[in-house]
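Undergrad: I'd like to ask some things about the structure below.
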Amino acid sequence: MYEFTPIGWLKHCVFHPVEGFEDLRWKKQGSMKIAMFIVFLLFVAMVADRQLTGFQFNDNYVKIFNIVPLVVQSVVYYFTWVLGNWSICTLLDGEGTFRKIAIYSAYSLVPYIVCTFISVFLSNFLVQDESIWITAISALGLGWSIVLMIQAMKAAHQYSFSKTLASMLLTLVAMLLILFLAILLLSLFQQVYVFGYSVYTEIAYRIRG
Numbered sequence: 000m001y002e003f004t005p006i007g008w009l010k011h012c013v014f015h016p017v018e019g020f021e022d023l024r025w026k027k028q029g030s031m032k033i034a035m036f037i038v039f040l041l042f043v044a045m046v047a048d049r050q051l052t053g054f055q056f057n058d059n060y061v062k063i064f065n066i067v068p069l070v071v072q073s074v075v076y077y078f079t080w081v082l083g084n085w086s087i088c089t090l091l092d093g094e095g096t097f098r099k100i101a102i103y104s105a106y107s108l109v110p111y112i113v114c115t116f117i118s119v120f121l122s123n124f125l126v127q128d129e130s131i132w133i134t135a136i137s138a139l140g141l142g143w144s145i146v147l148m149i150q151a152m153k154a155a156h157q158y159s160f161s162k163t164l165a166s167m168l169l170t171l172v173a174m175l176l177i178l179f180l181a182i183l184l185l186s187l188f189q190q191v192y193v194f195g196y197s198v199y200t201e202i203a204y205r206i207r208g
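Under numbering that gives the first Met the number 0, think of the first position of the sequence shown as 0, with each following residue one higher.
Next up, the structure:
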């Protein structure tokens with residue numbers, strides 16, 4: 000096994016995923032601070048992709064900027080994945096803790112984030128006929144991150160390859176359930192707030208009257 004700095008462990012996992020995440024697990028390494036910074040960079044990459052992509056490749060109306068969908072697509076989806084995976088793998092006797100899942104999942108996002116920034120940068124210099132390069136870089140980043148995520152979850156929970164894939168598919172289902180319940184709760188709280196405010200307004204009106 001190897002000895003690395005926190006950034007060194009991140010590089011080791013990104014470029015050597017099969018042994019990298021196993022080494023990370025056995026050495027009990029991994030930084031939550033770095034993981035949260037990576038999630039922040041994921042959000043920044045989403046913003047850059049929407050707002051800074053070259054006009055030839057950007058279908059978004061950049062003059063109107065709404066931060067909420069980008070927060071959902073980055074931060075909310077990430078934490079929902081971590082919570083869903085932890086919930087599912089607890090039932091399936093996985094060995095990964097919530098902290099491990101959070102760190103390993105964040106480390107797996109690095110290629111996607113880097114390739115997103117590269118794509119955004121190139122989109123401001125390439126012409127439409129050269130869009131294949133942007134497509135290829137984006138596909139590389141996504142594919143690389145998927146491979147890292149599979150290896151990360153396999154190492155975190157000590158599953159076989161097939162059980163890892165099954166647990167990840169179940170995690171996606173759990174994410175849908177969590178998001179659905181979250182939307183229901185938000186809707187319920189909104190209705191309670193509207194009802195309470197209506198009662199308060201009615202009482203205040205009668206007191207003044």
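Beta carbons are placed, not taken as given, at the ideal position from N, Cα and C, and that holds for glycine.
#1: Leaving aside the five residues before and after M45 along the sequence, list all residues of the same chain whose C-beta is less than 7 Å from its C-beta, in chain order.
#2: For chain D, is any of its Cβ atoms less than 9 Å away from the one on H11?
#3: Is the beta carbon of D58 less than 9 Å from the beta carbon of T115?
#4: Would you report the Cα separation of A105 and V38, rounded to the nearest angstrom?
#5: Does the beta-carbon distance from P16 to Q150 come in below 9 Å?
#6: Go through the stretch 81–147 residue by residue and report every complete run of the alpha helix (DSSP H) that reaches 4 residues or more, in order.
#7: Out of L91, W132, N123 and L139, point me to the one whose CA is closest to I112's CA.
#8: Are the stretch 96–104 and the stretch 175–188 touching, with three or more C-beta to C-beta distances below 8 Å?
#9: How many Å lie between S159 and M152 at the Cα?
#10: In or out: R207 buried (at least 16 other Cβ within 10 Å) or exposed?
#11: Taking all protein chains shown into account, do 16 or more other C-beta atoms lie within 10 angstroms of the C-beta of A135, making it buried, or fewer, making it exposed?
#12: At what residues does the alpha helix (DSSP H) containing Y192 begin and finish?
#13: Which class does E18 belong to by DSSP, given the choice of helix, strand or coil?
#14: Of the choices G53, M148 and S30, whose alpha-carbon is the least far from that of Y77?
#15: Distance check for Q50 and N65, CA to CA, integer angstroms please.
#16: Could you say which of F3, L40, F36 and L41 lies nearest to L23 if we only look at CA atoms?
#17: So, for I33: in the same chain, excluding its five sequence neighbours on each side, which residues have a beta-carbon less than 7 Å away from its beta-carbon?
#18: Would the beta-carbon of F124 fall within 9 Å of that of G195?
#19: Is V67 helix, strand or coil when you go by DSSP?
#20: If you run the structure through DSSP and keep just helix, strand and coil, what is F3?
TA: Short version:
#1: The residue given as residue 45 occupies position 46 in the sequence shown. Counting only Cβ-Cβ distances below 7 Å, and skipping sequence neighbours, we find L69, Q72 and S73.
#2: You won't find chain D in this structure, because it holds only one protein chain.
#3: As a first step, residue 58 must be located in the sequence shown, where it is residue number 59. As a first step, residue 115 must be located in the sequence shown, where it is residue number 116. Not closer than 9 Å, so no.
#4: What you label residue 105 is simply residue 106 of the sequence shown in a count that begins at 1. What you label residue 38 is simply residue 39 of the sequence shown in a count that begins at 1. Distance between the alpha carbons of A105 and V38: 6 Å.
#5: Working through the sequence shown from its first residue, we reach residue 16 at position 17. Working through the sequence shown from its first residue, we reach residue 150 at position 151. Taking 9 Å as the Cβ cut-off, P16 and Q150 qualify as a contacting pair.
#6: 97–107 and 109–122
#7: Translated into the one-based positions of the sequence shown, residue 112 becomes position 113. Residue L139 is the option with its Cα nearest to I112.
#8: no
#9: Translated into the one-based positions of the sequence shown, residue 159 becomes position 160. Translated into the one-based positions of the sequence shown, residue 152 becomes position 153. S159 and M152: Cα-Cα distance of roughly 10 Å.
#10: On the sequence shown, residue 207 is found 208 positions in, with the first residue counted as 1. With fewer than 16 Cβ atoms within 10 Å of its Cβ, R207 is classed as exposed.
#11: To locate residue 135, count along the sequence shown from 1; it is residue 136. Result: exposed.
#12: As a working note, residue 192 is residue 193 in the sequence shown. From DSSP, the alpha helix (DSSP H) with Y192 extends over F160 to R207.
#13: Along the sequence shown, one-based indexing puts residue 18 at 19. Looking at E18 - three-state DSSP - the assignment turns out to be helix.
#14: Looking up residue 77 in the sequence shown gives position 78. For the residues G53, M148 and S30, the minimum Cα distance to Y77 belongs to M148.
#15: In the sequence shown, counting from the first residue as 1, residue 65 sits at position 66. In the sequence shown, counting from the first residue as 1, residue 50 sits at position 51. Taking the straight line from one Cα to the other gives about 11 Å.
#16: For the purposes of this step, residue 23 is taken as the residue at position 24 of the sequence shown. The shortest Cα separation from L23 among F3, L40, F36 and L41 belongs to F3.
#17: Reading the sequence shown from its first residue, position 34 is the one you call residue 33. Excluding positions up to five away in sequence, the list reads P5 and L9.
#18: For the purposes of this step, residue 124 is taken as residue 125 along the sequence shown, with counting starting at 1. For the purposes of this step, residue 195 is taken as residue 196 along the sequence shown, with counting starting at 1. No, the pair does not count as a contact, with Cβ atoms beyond the cut-off.
#19: On the sequence shown, position 68 is the one that residue 67 refers to. In this structure, V67 counts as helix in the three-state DSSP scheme.
#20: In the sequence shown, the residue the question calls residue 3 occupies position 4. F3: coil per DSSP, three-state reduction.
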